[in-house]
Each structure stands twice: as structure tokens, then as C-alpha cells.
Amino acid sequence: MSIEKVSIADNHLTRRPGRVSVVGVVGEILITLGVVALLYVAWQTWIGDVIYSAQAREKGQALSEQWAQEYTDSTLMPSDASSSPSSPSSDGSSAPAPAVDPPVLAQPADAQTFATIRIPRFGPDYVHEVAGGTSRETTLDTARVGHYDDSEMPGQVGNFALAAHRTTFGALFNRIPSLKVGDAIVIETADGWYTYRFRNHQYVVPTQVDILLDVPQKPEVAANGRYLTMTSCSPIGSLAERIVGYSVFESYTPRSEGEPASLTPPTDS
1 MSIEKVSIAD
11 NHLTRRPGRV
21 SVVGVVGEIL
31 ITLGVVALLY
41 VAWQTWIGDV
51 IYSAQAREKG
61 QALSEQWAQE
71 YTDSTLMPSD
81 ASSSPSSPSS
91 DGSSAPAPAV
101 DPPVLAQPAD
111 AQTFATIRIP
121 RFGPDYVHEV
131 AGGTSRETTL
141 DTARVGHYDD
151 SEMPGQVGNF
161 ALAAHRTTFG
171 ALFNRIPSLK
181 VGDAIVIETA
191 DGWYTYRFRN
201 HQYVVPTQVD
211 ILLDVPQKPE
221 VAANGRYLTM
231 TSCSPIGSLA
241 ERIVGYSVFE
251 SYTPRSEGEP
261 ASLTPPTDS
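Counted the way the numbering used here counts, the sequence shown spans residues 1 to 269.
Take a look at the structure:
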């Protein structure tokens, strides 16, 4: 009898390590998956943003330098000596050319880069490409600022509307809340610079698309000014709302006059 009891006990003891081993393996797998998930979140939220943002700045700066070089090369080419940007006045001196409306670019194709955006408040190295459309796949997730298809172009009467991420893929608009009244938002193209001045923030629900009207949120008013509207998700990491930043057009500086003073970073903190 005692021998049988020992045999049964021995059999019982030999089975337990197998069950414990399975539980341990499952636990280790779950822990590993949890660590991987945390690393992915860290990558998307912090590490990835740093890398994407740095790469995006390099591309924006390269495009700006390309336009500057192309303009320099064009000025070295022989030109018609009879042409002049000014005309003689009655006393024989040269009179400046009359002021004209800023040039307006044609609407870009989807994902076509046509400008850069500079925000001195965000630092002298903040320069990013602006491309046609707001598709995540072709524009926003490539760490570029997207231009709403149905909105106006830089300097055009109406609403020039842009979108970008606040988290992931460079988080190009993550500092919109830090903008102050009067801050410069400068759009650079091959021809020159369009300076807008920041006015105010607003938070809206995603369905409030009237922020993209020619006069934001005023469907009954005809276009009567030049506006810049920047949009992004809010709060950070959520799609519940949209943060909106409004700016008004101040001036256009042709490339022949050099970079505008509006690109100087503000001195206040």
C-alpha cells in the first residue's frame, strides 16, 4: 500500500514542472509583448519624432538653399540692358515701381512640394516643406505640412489653410499653442516670402469645417482679406478636437530684396 502511494505521489510530482513551465513561457511572452509595445509607443512619441523632425528640417533647408542658388544663378545671366524696374520721374530721378499684389502660385498637385514654412518663434532652424493635399499617406506622414486642396494659395485673397501632425512623423505643429500675437509665420516660395502675423488660437470639433472658409467661420461674408489657418489634432495624442491658429497677411518680399526682417527670431521668451 505504501509503495503504491509513493508511486502515485511520484507521478503527481513529475507532472507539476510541465504545467509551471507552460505558465512561465506564456508569462514571458506577455512581458516581452508589453515591452515591445512600450518601445513602439516611445519610438512613435519621442524618438521617432526627433528623427523625422531632423530629416524634415534638412529637406526644408535644402529646398530653401536651392531656391537661393537658382536665383543667384539667374542674376549672373546676361539680361536686357533696356529693362528696368523703375521709370524716370519728371525731375529725371528714378521712381520706384508701383506696389502690386503678391504673386499667386497655381494649385499644386497632391503631395507636390511648393513652399516652405518658417516660424521664427520655434527657432531659426524651423523650416519645413509645404505640399499639396492633406492625405496622411502621401503628405502628412512624410513629415510635411499639407495644404487643404480647396483653400487659397499664399498671398491670395481668402484663406490659405494648412495641416500637420502634433505627434508622430515630426510633430511639425506641436508648438502651435506657444505662438503669441504678432508672431511671424513666413511662407517661402521660389519667388519670395509671404509674411503673416499670428492673431489667435481656437479649439473646435473635427466636424467644424467652416474654419476653412474664405473668411473663417463666416459663410455670409465674402473674402475680404488674406488669412492663414493652421490646424492640428488636440489634445496631443487624441483626435477628439482640433486646435486652430489664425494669422493675417502682412507683406510679400520678392527674392530680389533678400530675406525679410520677419524671419528674425523674437527676443521675448
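For every residue, glycine included, the Cβ atom is placed at its ideal position computed from N, Cα and C.
Between residue i and the rest of its own chain, which residues show a CB-CB distance below 7 Å, the 5 nearest in sequence each way excluded?
{"i": "R255", "result": "Y71, D191, G192"}
{"i": "E217", "result": "Checking the sequence, you will find Gln at residue 217 rather than Glu. Around Q217: D210, I211."}
{"i": "P266", "result": "P120, R121, D183"}
DSSP on residue i, reduced to helix/strand/coil?
{"i": "V130", "result": "strand"}
{"i": "V186", "result": "strand"}
{"i": "I119", "result": "coil"}
{"i": "Y277", "result": "With the chain represented from 1 up to 269, any question about residue 277 goes unanswered, as that position is not in the structure."}
{"i": "G192", "result": "strand"}
To the nearest angstrom, how far is the alpha carbon of residue i from that of residue j?
{"i": "F160", "j": "S151", "result": "5 Å"}
{"i": "Y126", "j": "E28", "result": "44 Å"}
{"i": "F173", "j": "A164", "result": "6 Å"}
{"i": "A131", "j": "G146", "result": "5 Å"}
{"i": "Q69", "j": "N200", "result": "36 Å"}
{"i": "M77", "j": "W67", "result": "16 Å"}
{"i": "K59", "j": "Y52", "result": "11 Å"}
{"i": "E250", "j": "G182", "result": "10 Å"}
{"i": "G158", "j": "L228", "result": "9 Å"}
Near residue i, what residues of its chain come up, given a Cβ to Cβ distance below 8 Å and the 5 sequence neighbours on each side ignored?
{"i": "A222", "result": "D214, V215"}
{"i": "P235", "result": "E241"}
{"i": "E259", "result": "W193, T253"}
{"i": "Y203", "result": "S234, E241, R242, I243, V244"}
{"i": "R57", "result": "D125, Y126, V127, H128"}
Any heavy atom of the ligand COA closer than 7 Å to the beta-carbon of residue i?
{"i": "A164", "result": "As presented, the structure is devoid of all ligands, the ligand COA included, so that no description of it is given."}
Considering only residues of the same chain and omitting the five flanking positions on each side of residue i, which have a CB-CB separation below 6 Å?
{"i": "C233", "result": "R166, L239"}
Counting C-beta neighbours from all protein chains within 10 Å, is the total for residue i 16 or more, i.e. buried, or is it exposed?
{"i": "E188", "result": "buried"}
{"i": "Q156", "result": "buried"}
List the residues that DSSP assigns as beta-bridge partners of residue i.
{"i": "G158", "result": "R226"}
{"i": "F198", "result": "S247"}
{"i": "R175", "result": "Answer by DSSP bridge pairing: none, since R175 is not bridged."}
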